[in-house]
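Remarks on the structure that follows.
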Amino acid sequence: MQMLVTAGPTREHIDPVRFLSNRSTGKMGFAIAQCAAARGHAVTLVAGPVALATPPGVQRVDVISARDMLAAVEANLPACEALVMCAAVSDWRPRQTSTSKLKKRGLSPILELDANPDILATIHDRKSGRIFVGFAAETGDPRPEGRRKLADKGLDLLVANDVSQPDAGFAVDTNRVVLLTCGGEEQKLPLLSKLEVAERIVAWVEQALASRIR
Ligand code: CTP
1 MQMLVTAGPT REHIDPVRFL SNRSTGKMGF AIAQCAAARG HAVTLVAGPV
51 ALATPPGVQR VDVISARDML AAVEANLPAC EALVMCAAVS DWRPRQTSTS
101 KLKKRGLSPI LELDANPDIL ATIHDRKSGR IFVGFAAETG DPRPEGRRKL
151 ADKGLDLLVA NDVSQPDAGF AVDTNRVVLL TCGGEEQKLP LLSKLEVAER
201 IVAWVEQALA SRIR
């Protein structure tokens with residue numbers, strides 16, 4: 001299959017030295033890309049600013065902001081059969097970005113923000129027969145919000161995790177997730193390495209595509 005994966009945070013610049021972002025390091029998305037490529041799939045990885053090496057056989061597109069990521073996803077969507085939106089997209093960006101460093105003297109301490117586009121919502125009407133997988137990072141039981149996002153974003157599979165736990169979520173090599181499907185199933189996985197979680201997700205997508213083609 002042709003798989004499009006997004007990973008990492010996005011960065012929304014205030015000026016050349018300051019930005020808004022989040023704690024994502026890209027490990028989960030890179031593990032998905034690595035696993036899919038190792039299973040023989042053609043993988044395009046749209047990566048926010050992260051300090052990770054490109055997995056073997058993966059075609060990588062680097063982006064900075066949420067709007068860059070949207071453009072890269074839109075450009076690569078027509079060729080893909082499955083999209084895994086693992087990136088932690090910044091929901092907001094500064095209303096103004098300065099091309100020179102802002103000086104604190106005379107600066108208002110209030111930062112005005114504009115909402116970034118929701119990538120999944122923007123491309124939803126171009127889903128066609130594709131499989132769409134999303135992630136939900138929550139603090140506390142991720143299932144209620146996970147179910148809501150699964151429905152609201154028109155996903156086939158949602159991978160929900162509680163990022164307030166020290167061994168799951170951001171910056172660690174392990175994850176504890178619940179897989180929520182559009183068919184109403186719920187599968188709680190034990191603590192696994194991110195590569196093992198990636199294997200479960202890629203296997204689920206392979207099966208979903210195979211049953212769709214049949
Ligand atoms: N997502 C997206 N575009 C955004 C924000 C999120 O496509 N601007 C995708 C993420 O990649 C993820 C899913 O939507 O697959 C859920 O992201 P999450 O940040 O958990 O949810 P939000 O919709 O941003 O809602 P909230 O921040 O209120 O929890």
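FYI, the numbering used here numbers position 48 of the sequence shown as 48, with every residue one higher than the one before it. Heads up, the beta-carbon is just placed ideally off N, CA and C, and yes, glycines get one too. It should be emphasised that the depicted structure is a prediction, and the values quoted were computed from it without experimental measurement.
Asked                                                                                                   : Found
Check: Leu120 C-beta below 7 Å from any heavy atom of the ligand CTP                                    : yes
beta-carbon Thr44 near the ligand CTP non-hydrogen atom, thresh 7 Å                                     : no
C-beta atoms of Val63 and Val133 nearer than 8 Å                                                        : no
Presumed contact (8 Å Cβ cut-off) between Ala88 and Ser24, rounded CB distance                          : 4 Å
8 Å Cβ cutoff met for Arg130 and Glu81                                                                  : yes
Beta-ladder partner(s) of Gly146, from DSSP                                                             : Paired residues: none, contrary to the question.
Reduced DSSP secondary structure (H/G/I, E/B, other) of Asn175                                          : strand
Per-residue DSSP class, three states only, for Arg212                                                   : helix
Which residues DSSP lists as bridging Glu196, in chain order                                            : Answer by DSSP bridge pairing: none, since Glu196 is not bridged.
Secondary structure, beta strand (DSSP E): runs of 3+ residues fully inside the stretch 52-136          : 59-62, 82-85, 92-94 and 113-115
Residues near Cys35 by beta carbon distance below 7 Å, same chain, minus five either side               : Leu195, Ala198, Glu199 and Val202
Given 8 Å, three or more beta-carbon pairs between the stretch 176-183 and the stretch 156-166          : yes
Arg99 Cβ short of 7 Å to the ligand CTP heavy atom set                                                  : Correcting the residue type first, residue 99 is Thr in the shown sequence and not Arg. No, the ligand CTP has no heavy atom inside 7 Å of this Cβ.
Counted within 10 angstroms of its Cβ, other Cβ atoms place Gly146 as buried (16 or more) or exposed    : buried
Residues that DSSP places opposite His13 in a beta bridge                                               : Phe19
Validate contact between the stretch 36-52 and the stretch 118-125 using beta carbons, cut 8 Å, 3 pairs : no
Proximity test, Lys149 beta-carbon vs the ligand CTP heavy atom, cut-off 7 Å                            : yes
Residues sharing a beta bridge with Lys188, DSSP                                                        : Val178
Nearest to Ser98 (by Cα), restricted to the options Glu74, Leu111, Asp91 and Thr6                       : Leu111
Continuous alpha helix (DSSP H) stretch holding Gln34: start and end                                    : Lys27 to Ala38
Distance cut-off 7 Å: Thr181 Cβ against heavy atoms of the ligand CTP                                   : no
Inter-residue spacing [alpha-carbon to alpha-carbon] between Met1 and Gly57                             : 14 Å
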